[in-house]
Amino acid sequence: MSLVILVAIAVGAGLLGSAMWFYPGGTALDPRASGHSFWFNFMCDLTNRTAVNGQPNHPGASLARAGLMCLCLALGVFWVILPLSFGPRCSRRMARAITTPGLVSVVGLLLVPVAQGWFHVTAVFASSVPALAAGMLALVGTVRYARRPLLVVIASATVATAAIDSVLYGLSYQVQPRVVIPALPLFQRLALVLMLTWMSLVAARTWRQPRHDRTHS
0 MSLVILVAIA
10 VGAGLLGSAM
20 WFYPGGTALD
30 PRASGHSFWF
40 NFMCDLTNRT
50 AVNGQPNHPG
60 ASLARAGLMC
70 LCLALGVFWV
80 ILPLSFGPRC
90 SRRMARAITT
100 PGLVSVVGLL
110 LVPVAQGWFH
120 VTAVFASSVP
130 ALAAGMLALV
140 GTVRYARRPL
150 LVVIASATVA
160 TAAIDSVLYG
170 LSYQVQPRVV
180 IPALPLFQRL
190 ALVLMLTWMS
200 LVAARTWRQP
210 RHDRTHS
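Its first residue numbered 0, the sequence shown is counted upward by one per residue in numbering that gives the first Met the number 0.
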């Protein structure tokens, strides 16, 4: 399963990179911007058939949606194997407490690219809220069981960044018409990069871990 995560991340990142290349342009902060901005475009911009600047984005949207599907696959497997990386000291109860909301968040994430309007907002929160719950418990498990400084740092940074991103996303809808906070897309991308790093490190560690150390008491 660890190999599934690594391959899915590699394929997903490649597809998203291609989608970024094809993206015509425009961000919520600058609709007339040319091309894709890594730090100021939202991921959802890539999946829309029409770019923010009004130009068609059909090839890029298809690539982006396929890339997100790959990342969703990797994320789903990640929530399953993460408790295994903690070794036999991690109880089944703790493992379920991490895996269940984690998998729920994947379902919400799958709906984000296709949902529109307030259904899109609902899908975002249906993904982010359980993901944060799973992430916080996973951080506790990482500190308690993994005891690897690099994993603790990456997990802490991921959870903190994702939490800030969620708060900023909610605040952006406090007024109508919506006002996009400049830091919002930046934190979204930073959270994505950190999450992929965390997933890759856990997959690599679990791959090297002896099989008898992957069972729960």
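Yeah, the Cβ is synthetic: ideal placement off N, Cα and C, and Gly gets one too.
Throw me the rounded Cβ distance for the residue i and residue j pair, which I believe falls under 8 Å.
i    : j    : result
S1   : T196 : Not a contact, Cβ separation roughly 15 Å.
S126 : L108 : 4 Å
W20  : R188 : With a Cβ gap of about 16 Å, W20 and R188 do not count as contacting.
P176 : L28  : With a Cβ gap of about 14 Å, P176 and L28 do not count as contacting.
A161 : L131 : 6 Å
L72  : A7   : 5 Å
Grouping DSSP H, G and I as helix and E and B as strand, with all else coil, what is residue i?
i    : result
T196 : helix
G16  : helix
A26  : The sequence shown places Thr at residue 26, rather than the Ala named in the question. T26 falls in the coil class under three-state DSSP.
P58  : helix
V10  : helix
Starting from residue i, trace the alpha helix (DSSP H) both ways and give me its first and last residue.
i    : result
P30  : Segment: none, P30 is in no alpha helix (DSSP H) and carries neither H nor E.
L132 : Looking at the sequence provided, one finds Ala at residue 132 rather than Leu. Residues 116 to 140.
Y168 : 148 to 170
T46  : 42 to 46
Looking only at its own chain, which residues have a Cβ that is under 6 Å from the Cβ of residue i, when we skip the five neighbours before and after it?
i    : result
S36  : T26
P184 : F39, F41
L70  : G11
G34  : G24
Excluding sequence positions up to five away, which residues of its chain have a Cβ less than 7 Å from the Cβ of residue i?
i   : result
A65 : L14
G59 : A18, F21, Y22, L45
CB-CB under 8 Å to residue i, same chain, minus the five flanking residues each way: which ones, in chain order?
i    : result
V178 : S171
N56  : F21, Y22, P23, L45, N47, R48, T49, A50
L200 : L149, L150, I153
Inset, instruction - Go through the segment 80 to 108 residue by residue and report every complete run of the beta strand (DSSP E) that reaches 3 residues or more, in order. - result: none
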